[in-house]
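In the numbering used here, the protein residues as written are 10 to 220.
For glycine and all other residues, C-beta sits at the position ideal for the given N, C-alpha and C.
Note that the structure is predicted; figures quoted are calculated from it, not measured.
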């Protein structure tokens with residue numbers, strides 16, 4: 010019988026396949042931290058990161074895709090934290106940058122979760138819940154479908170780079186206020202290692218040369 014650990018690992022592999030299959034996608038060097046971090050850049054996205062942390066009874070997957078700095082597309086984000094038989098959280102959003110957020114799914118979930126204090130970077134349509142395994146599988150199928158559509162729509166519009174850089178950097182700064190993520194990383198990497206991972210791998214800010 011499939012459990013959350015197996016299901017998360019399978020989904021992370023699917024996300025990774027979708028992202029690296031984009032024509033022209035190339036790996037971005039990522040320091041080894043003891044678990045799987047796959048990062049890429051391509052002609053249609055600036056940076057894509059698929060993180061897969063899998064242990065015997067605990068797993069985390071994190072996906073974040075940043076558009077190029079002159080692309081007004083939203084940021085794709087998907088995160089799940091789960092034990093073998095229970096997920097503590099699933100978060101899924103197309104977070105707006107310089108354009109208003111748009112509804113991207115008709116998913117309805119049970120046991121929804123509220124936005125954190127720093128979560129105003131997320132759209133009004135974000136998906137946040139503590140899913141059952143059956144519900145997770147339904148959301149996972151939808152996320153794979155939406156990611157496919159998202160990748161097809163990237164870089165179809167252009168805008169002022171300064172605006173996108175400002176919005177993407179704000180997204181990164183707000184995400185780095187997540188004390189739960191930092192505490193988990195600190196347990197694995199220590200204080201300095203956790204900060205380095207958040208600043209250089211998870212949510213690296215852009216140096217703005219377009220002022």
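Going by DSSP, residue 98 is part of the beta strand (DSSP E) stretching over 96-104.
Taking residue 120 as the centre and dropping the five residues before and after it, the same chain places the C-beta of 138, 139 closer than 6 Å to its C-beta, in chain order. DSSP lists 61 as the bridge partner or partners of residue 45. With respect to residue 110, residue 134 sits close: the two C-beta atoms are nearer than 8 Å. Per the Cβ contact rule, the region 88-102 is in contact with the region 143-155 (3 or more Cβ pairs under 8 Å). By the criterion of a C-beta distance shorter than 6 Å, residue 47 is surrounded in its chain by 25, 59, once the five residues flanking it on both sides are discounted. Residue 81 sits close to residue 106, with the two beta carbons spaced by under 8 Å. Look at the region 122-200 and you find these whole runs of alpha helix (DSSP H), each 4 residues long or longer: 142-162, 170-184. Secondary structure at residue 68: strand, using DSSP grouped into helix, strand and coil. Residues 131, 135, 137 of the same chain have their beta carbon placed closer than 8 Å to that of residue 124, with the five preceding and five following residues left out of the count.
In the structure shown, residue 115 falls within a coil segment according to DSSP collapsed to helix, strand and coil.
Contact annotation: residue 55 and residue 71 have beta-carbon atoms that are not nearer than 8 Å. The straight-line gap separating the alpha-carbon atoms of residue 174 and residue 206 is approximately 20 Å. Boundaries cannot be given for residue 212, as no alpha helix (DSSP H) includes it and DSSP labels it neither H nor E. Rounded to whole angstroms, the separation of the alpha carbons of residue 144 and residue 39 is 33 Å. The residue among 87, 188, 186, 210 with its C-alpha nearest the C-alpha of residue 69 is 87. Taking a contact as a CB-CB distance under 8 Å, the pair residue 17 and residue 91 counts as one, their CB atoms being some 6 Å apart.
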